[in-house]
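Heads up, the thing below is written out as structure tokens.
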Amino acid sequence: MLRPDLKAEISRIRMRKGTGLLSQMRTIAYYEICITREGLSVIPRVWRRYKDFIVFRKELTRQHRNIKFPPLPSKSRKGRSNLPDMEFLEQRKRGLEAFLQFLVASDILKANATVLSFFKRDPASCKLRNAHFKIFFY
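Right, dumping it as structure tokens:
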């Protein structure tokens, strides 16, 4: 049963320079996830990278093979090089929000331990294999 009372959104996007040897030349986008009910936040806001969404979706697909999850938006601007960075990020934001909304609208998925851990600020609480979430507070 779907429950439209919860709303998932990406409330902000922050850009940070990479920290690794090769990633210092890259800028990485972090997305602030907000889950609300009737305009009130129901979980503390949490920041996630696009890479985190990839690992998260892969784990959910492994756990729930019978559910067809919406696709994630494109990782890169391939074929979209004419889009300004912010326009590309806005398109990606809308795709990530659609994915999150699918999760919180499903009674089965929104109670899933993997989903709940993805929405937590504490990276130690995250149950995803091969994932390490970097949390930034602004």
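Position 42, counted from 1, in the sequence shown is what our numbering calls 42; the numbers after and before it change by one each time, with no gaps.
Built from N, CA and C at the ideal position, the CB exists for glycine as well.
Bear in mind that the values here come from a model prediction, so they are computed numbers and not experimental data.
Span of the beta strand (DSSP E), counted from its first residue to its last, around residue i
i	result
Ser11	6–17
Ile33	27–37
Unbroken alpha helix (DSSP H) run spanning residue i, endpoints
i	result
Ile54	50–63
Phe92	Correcting the residue type first, residue 92 is Arg in the shown sequence and not Phe. Taken as a continuous stretch (DSSP letters only), the alpha helix (DSSP H) holding Arg92 covers 85–105.
Ala113	113–118
Through-space distance from residue j to residue i, alpha-carbon basis
i	j	result
Arg14	Arg62	30 Å
Arg141	Lys93	Residue 141 cannot be examined here, being either before or after the span of the chain that is shown, 1 to 138.
Asp5	Ala29	28 Å
Ile43	Ile54	22 Å
Arg45	Thr36	10 Å
Arg65	Lys58	10 Å
Lys110	Ser41	15 Å
Ile108	Glu90	29 Å
For residue i, the nearest candidate out of the options (CA to CA)
i	options	result
Gln101	Tyr30, Glu87, Leu72, Phe88	Leu72
Trp47	Cys34, Ile54, Ser76	Cys34
Met86	Gly18, Val104, Lys7, Thr27	Thr27
Leu96	Phe56, Val42, Lys17	Phe56
Whole-number beta carbon distance between residue j and residue i, since they are thought to touch under 8 Å
i	j	result
Glu38	Ile10	Contact flag wrong, Cβ pair sits at about 19 Å.
Pro70	Phe99	5 Å
Lys17	Tyr50	Not a contact, Cβ separation roughly 16 Å.
Leu60	Thr19	Actually they do not touch by this definition, with Cβ atoms about 28 Å apart.
Ala8	Leu103	7 Å
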